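First comes the structure, then the notes that go with it.
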Amino acid sequence: DKPPAAAPAAQAPAADGGGLGLAPWPKVNFEKFGPIERKPLSRIQKISGPNLHRNWVMIPHVTHQEEADITELEAFRKEIGEGYKKQDIRITMLAFLIKASVAALKAHPIFNASLDGDDLVLKSYYNVGFAADTPNGLMVPVIKEADAKGVAAIAEELGALSGQAREGKLKPGDMSGSTFTISSLGGIGGTAFTPIINAPEVAILGVTRSAMKPVWNGSEFKPRLILPLSLSYDHRVIDGAAAARFAKDLAALLTDLRRALL
């Protein structure tokens, strides 16, 4: 006798979660609970939203937290900033962060790389993107060849690109080719966050507001200006120990930027 035929397997319902087997997005009649207003997404949100979603879902993110003592750096920034005001150049902490990040990227090349199939593409150029908050949404202009520019030149370019971003005048070339990105919320606040990696990069630096903290120097507590750093990295490429070393070296560079000259 032939064994009874197996019953056909029940077919799973089609997923409405982007092909990832996620539960479908809830459909809610919001008017049922109170007055509402509908506003269409901006063009930038429509473009950046799917990219952010892809990056978050496809890249295994880990965020390493570090702190940098920027007491002397902030004093130096204010000192030289007065002189550059006459040239209409605003020396910001972001300009120093870009300069220090380039030095850290040179010391840790894997952070200036991209994953391409089974290959790791190590880049010998240093283009640093920075997140710009605009009335229409988030944009990421790029400082090209940041390694060849001084802090003042970087600051001047930051001002120009930020202005173009706010006015909606950035060109595609102004937002392409980055090898590392910095998202700074220091002008707003916060103590830490998880920035989403800007694919095909493998890491991104998040920065929040600096604050005075008591720091033990071996004999007494001294007030020091501490800057929180949040480094998100692609765990397929970078392990935790490498991230900790990068963040530690970056913090040391910010504490004494003369190290960037070595």
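Residues 828 to 1089 (this note's numbering) make up the sequence shown, in order.
Just so you know, even glycine gets a beta-carbon here, dropped at the ideal spot from N, CA and C.
As the structure is a prediction and not an experimental result, all values here were calculated from the model.
Cβ neighbours of glycine 1067 in the same chain (closer than 8 Å, five flanking residues each side left out): Excluding five sequence positions before and after glycine 1067, the CB atoms of its chain that fall closer than 8 Å to its own CB belong to Val889, His891, given in chain order.
Isoleucine 886 - containing beta strand (DSSP E), residue span: Following the DSSP letters along the chain, one finds isoleucine 886 in no beta strand (DSSP E), marked with neither H nor E.
Inter-residue spacing [alpha-carbon to alpha-carbon] between alanine 958 and valine 1029: Between the alpha carbons of alanine 958 and valine 1029 lies a distance of about 16 Å.
Cutoff 8 Å; reference leucine 1056; Cβ partners in own chain excluding five residues on either side: Gln892, Glu893, Glu894, Ala895, Leu1032, Gly1033, Val1034, Ala1074, Leu1077, Ala1078, listed in sequence order.
Residues near leucine 1080 by beta carbon distance below 7 Å, same chain, minus five either side: Ala927, Ala930, Ala931, Arg1086, Ala1087.
Residue span of the alpha helix (DSSP H) that contains lysine 905, given as start and end: It spans 898 to 912 - the alpha helix (DSSP H) in which lysine 905 sits, taken as one unbroken run.
Counterpart residues of alanine 895 in DSSP-defined beta bridges: In DSSP, alanine 895 forms a bridge with Leu1054.
Backbone secondary structure at valine 929 - three-state DSSP: In the three-state reduction of the DSSP assignment, valine 929 falls in the helix class.
Tyrosine 1060 versus Met1039, Leu1052, Pro1027, residue with shortest Cα-Cα distance: Ranked by Cα distance from tyrosine 1060, the options Met1039, Leu1052, Pro1027 are led by Pro1027.
Spatial distance of isoleucine 918 from isoleucine 897 (CA atoms): If you take the alpha carbons of isoleucine 918 and isoleucine 897, they lie about 15 Å apart.
As assigned by DSSP and simplified to three states, the class of alanine 973: In this structure, alanine 973 counts as helix in the three-state DSSP scheme.
C-alpha distance - serine 989 paired with methionine 966, whole-angstrom precision: The alpha-carbon separation between serine 989 and methionine 966 amounts to approximately 9 Å.
Glycine 1013 versus leucine 1058 - alpha carbon distance: Distance between the alpha carbons of glycine 1013 and leucine 1058: 15 Å.
For glycine 1045, three-class secondary structure by DSSP: Coil at glycine 1045, not helix or strand.
CA-to-CA distance, lysine 998 to glutamine 872, given in whole angstroms: Between the alpha carbons of glutamine 872 and lysine 998 lies a distance of about 17 Å.
Collapsed DSSP secondary structure at lysine 1040 in the structure displayed: Correct three-state label for lysine 1040: strand.
Runs of beta strand (DSSP E) wholly within the segment 968 to 1031 (minimum 3 residues, chain order): Entirely contained in the segment 968 to 1031, the beta strand (DSSP E) runs reaching 3 residues are, in chain order, 1007 to 1011.
Inter-residue spacing [alpha-carbon to alpha-carbon] between glutamine 991 and tryptophan 1043: Cα to Cα, glutamine 991 sits roughly 44 Å from tryptophan 1043.
Counted within 10 angstroms of its Cβ, other Cβ atoms place arginine 1063 as buried (16 or more) or exposed: Exposed is the call here.
Alanine 850, enclosing beta strand (DSSP E) - first and last residue: Where alanine 850 is concerned, there is no enclosing beta strand (DSSP E), given that its DSSP letter is neither H nor E.
C-alpha gap between proline 835 and valine 955, whole angstroms: Summary for proline 835: the model assigns pLDDT 45, below 50, so the residue's position carries little reliability, and this model does not support an answer.
Cutoff 8 Å; reference isoleucine 916; Cβ partners in own chain excluding five residues on either side: Excluding residues up to 5 positions away in sequence, Ala979, Ala982, Glu983, Gly986 lie with their Cβ nearer than 8 Å to the Cβ of isoleucine 916 in the same chain.
Exposed unless 16 or more other CB atoms sit within 10 angstroms - verdict on methionine 920: With at least 16 other beta carbons inside 10 angstroms of its own, methionine 920 counts as buried.
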